[in-house]
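Which chain is which? The protein sequence lines are A and B, in order. The first sequence begins at 0 in numbering that gives the first Met the number 0 and counts up one residue at a time. The second sequence begins at 0 in numbering that gives the first Met the number 0 and counts up one residue at a time. By construction, the Cβ of each residue, glycine as well, lies at the ideal position given by its N, Cα and C atoms. This report refers to the structure that appears directly beneath it.
Number of protein chains: 2
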Amino acid sequence: MGRWEPEARERLMVAALDLFGEQGYENTGVAQIAERAGLTKSTFFRHFRDKREVLFGGQDELVSLIAAGIEGTPASAGALKAVERALVAIGVTFTDSRRANGPRRLAVIAANAELRERDALKMAGFSGVIKDGLLLRGVPEIEAAVVAELGVLALRIAYGRWLEAGGDFADVARPALEEVAAAAAALEGAE
Amino acid sequence: MGRWEPEARERLMVAALDLFGEQGYENTGVAQIAERAGLTKSTFFRHFRDKREVLFGGQDELVSLIAAGIEGTPASAGALKAVERALVAIGVTFTDSRRANGPRRLAVIAANAELRERDALKMAGFSGVIKDGLLLRGVPEIEAAVVAELGVLALRIAYGRWLEAGGDFADVARPALEEVAAAAAALEGAE
DNA sequence: ACGGTTGATGAGACCAAGTCCCATCACTCT
DNA sequence: AGAGTGATGGGACTTGGTCTCATCAACCGT
Numbered sequence: 000m001g002r003w004e005p006e007a008r009e010r011l012m013v014a015a016l017d018l019f020g021e022q023g024y025e026n027t028g029v030a031q032i033a034e035r036a037g038l039t040k041s042t043f044f045r046h047f048r049d050k051r052e053v054l055f056g057g058q059d060e061l062v063s064l065i066a067a068g069i070e071g072t073p074a075s076a077g078a079l080k081a082v083e084r085a086l087v088a089i090g091v092t093f094t095d096s097r098r099a100n101g102p103r104r105l106a107v108i109a110a111n112a113e114l115r116e117r118d119a120l121k122m123a124g125f126s127g128v129i130k131d132g133l134l135l136r137g138v139p140e141i142e143a144a145v146v147a148e149l150g151v152l153a154l155r156i157a158y159g160r161w162l163e164a165g166g167d168f169a170d171v172a173r174p175a176l177e178e179v180a181a182a183a184a185a186l187e188g189a190e
Numbered sequence: 000m001g002r003w004e005p006e007a008r009e010r011l012m013v014a015a016l017d018l019f020g021e022q023g024y025e026n027t028g029v030a031q032i033a034e035r036a037g038l039t040k041s042t043f044f045r046h047f048r049d050k051r052e053v054l055f056g057g058q059d060e061l062v063s064l065i066a067a068g069i070e071g072t073p074a075s076a077g078a079l080k081a082v083e084r085a086l087v088a089i090g091v092t093f094t095d096s097r098r099a100n101g102p103r104r105l106a107v108i109a110a111n112a113e114l115r116e117r118d119a120l121k122m123a124g125f126s127g128v129i130k131d132g133l134l135l136r137g138v139p140e141i142e143a144a145v146v147a148e149l150g151v152l153a154l155r156i157a158y159g160r161w162l163e164a165g166g167d168f169a170d171v172a173r174p175a176l177e178e179v180a181a182a183a184a185a186l187e188g189a190e
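Here is the structure:
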């Protein structure tokens, strides 16, 4: 059965999310996920490097979009503007179907330390691309690191709001970044 | 042999770092680490929840110190000042022996995705305690998140400099936080 | 000195994640 | 039809991680 059925990857992701939600991430075996998708363990690991990645697919695409968004920003613009363009750029991947699964996905990740690890690394990856992109534009080291962290924070905030409210991701990303930047600029000195 | 020898945990950490450096993290088995320490696999997992944690011990202590550092800051002080106190507070754990192993440890972590994941989660954990501590002080949500991220960034920067230069951790942590805060305050708007 | 208790360890069975290798089947092209 | 291609099935194998039970040294009270 199921052999050569299209979208094996999609089927695996759906099956995994369903099972994780029903019985928890740790109580769900890879073989079980594959079975529900009409496939086998071998095929699962052909599509995903490990069990976690079935929940974190598409990161490479986001990284590319972020890098492109920064690189495509006029050299005259500031670092924050470049990050804003990056956040807007990734909006194209935030589709309705992703939004539908978002809350379940977040709940599963929040309930498991192994998945939180992967999520943290994913965010660190975003931060890294942003920082590297800014360094290429000549932004000083510390400023690049600061803006990268603030950008990722804005991304997380915007993602949460987008899951709740829907609509165009850019419409939540821009205000989120502005709020974060405003909070940063308003800080009093530490001495 | 080696039964009841003191500091089994220490011996395991040293053996692990040695073996990871010699032959890589992935080519080193838990049984091998335990053997070099004169112990067994069972005992290894009694001291560390998993293979990675042998490189990340002491996080709980840091988290406690951070929380205490923030809580012990006068309510009149700003968020940045509380974070500064937290960074100074963790300085007591940065001993000479830790500094001696630091570079090797960083190299091993950098070379392995699994370990980078754990490291990223560790940093996210720090960020979380800081943020929670600031929220308890009445700092607004966004500002707390911003300052927490900046604090962790300063922590990473300070740790790198401390590994190079040595001395009192507080003497590198304070300037690092000031630089980060200054870079954040100097940002131009995103519009 | 003796026996019981405690606490860390040893030993081994066991499960699941992840790797490898090879056979198989559907589809395509010539 | 026959060969090639690419995704899949299947099973052996390694290793991280869990669990249970036995063991042994130190301590403690009588």
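The shortest C-alpha to C-alpha distance from Arg104/A to any of Ile89/A, Ala15/A, Thr72/A is the one to Ala15/A.
Per DSSP, reduced to three states, the secondary structure at Pro139/B is coil, with no helix or strand assignment. Ile156/A and Ala175/A have their C-alpha atoms some 7 Å from each other. Contact of Arg117/A with chain B is assigned, a C-beta pair being separated by under 7 Å. Cα atoms of Lys50/A and Tyr24/B: separation of roughly 20 Å, rounded to the nearest angstrom.
Judged by DSSP secondary structure, Phe93/A falls outside any alpha helix (DSSP H); it is assigned neither H nor E.
Looking at the backbone, the Cα of Val13/B and that of Glu6/B are separated by about 11 Å. For Gly77/A, the closest Cβ of chain B is nearer than 7 Å.
In the three-state DSSP reduction, Asn100/B falls in the helix class (H, G or I). In the three-state scheme derived from DSSP, where H, G and I count as helix and E and B as strand, Ala110/B is classed as coil.
Residue range 7-22 is occupied by the alpha helix (DSSP H) that includes Gly20/A.
Using a Cβ-Cβ cut-off of 7 Å, Glu187/A counts as an interface residue toward chain B, since at least one Cβ of chain B sits closer than that to its own. Around Arg173/A, the same chain offers Glu83, Leu86, Val87 as residues with beta carbons nearer than 8 Å, after the five sequence neighbours per side are excluded. In summary, Thr94/B is exposed, with fewer than 16 beta-carbon neighbours lying within 10 Å of its beta-carbon over all protein chains present.
For Glu52/A, there is no enclosing alpha helix (DSSP H), as DSSP marks it with neither H nor E. Proximity of Val138/A to chain B, defined by a Cβ-Cβ separation below 7 Å, is not satisfied. By the CB criterion at 7 Å, Glu187/B and Gly77/A fall inside the cutoff.
Rounded to whole angstroms, Phe55/A and Ser75/B show a C-alpha spacing of 43 Å. Listed along chain A is no residue with a C-beta nearer than 9 Å to that of Ala7/B; the closest approach is about 25 Å. Residues of chain A with a Cβ closer than 8 Å to the Cβ of Ile141/B are, in chain order, Ile156, Glu178, Val179, Ala182. According to the DSSP assignment, Pro174/B belongs to the alpha helix (DSSP H) that extends over 168-184. Using a CB distance cut-off of 7 Å, Ala15/B does not count as an interface residue toward chain A. Neighbours of Val145/B in chain A, taken as residues whose beta carbon is under 7 Å from its own, are Leu149, Leu152, Val179, Ala182, Ala183 in chain order.
One thing to note: Ala185/A has its Cβ no nearer than 7 Å to the Cβ of Leu120/B.
By the neighbour-count criterion, in which a residue is buried when 16 or more other Cβ atoms sit within 10 angstroms of its Cβ, Leu11/B is buried.
Contacts with chain A at 7 Å (Cβ-Cβ) include Ala123/B. With respect to the C-alpha of Val29/A, the residue from Glu21/A, Val53/A, Gly20/A, Glu9/A having the closest C-alpha is Val53/A. With contacts defined by Cβ atoms closer than 7 Å, Glu70/A and Arg117/B do not form a contacting pair. For Leu162/A, no Cβ of chain B is located within less than 7 Å of the residue's own Cβ. The three-state secondary structure of Ser126/B, taken from DSSP, is helix. Residue range 29-35 is occupied by the alpha helix (DSSP H) that includes Glu34/B. Under the 10 Å beta carbon count, Glu142/B is surrounded by 16 or more other beta carbons and is classified as buried.
The straight-line gap separating the alpha-carbon atoms of Val107/A and Gly166/B is approximately 43 Å. The Cβ-Cβ distance between Ile129/B and Gly150/B falls below 7 Å. Flagged as an interface residue toward chain A: Leu120/B, by a C-beta distance shorter than 7 Å. Classified as buried, Val179/B has 16 or more neighbouring CB atoms from the shown chains inside 10 Å of its CB.
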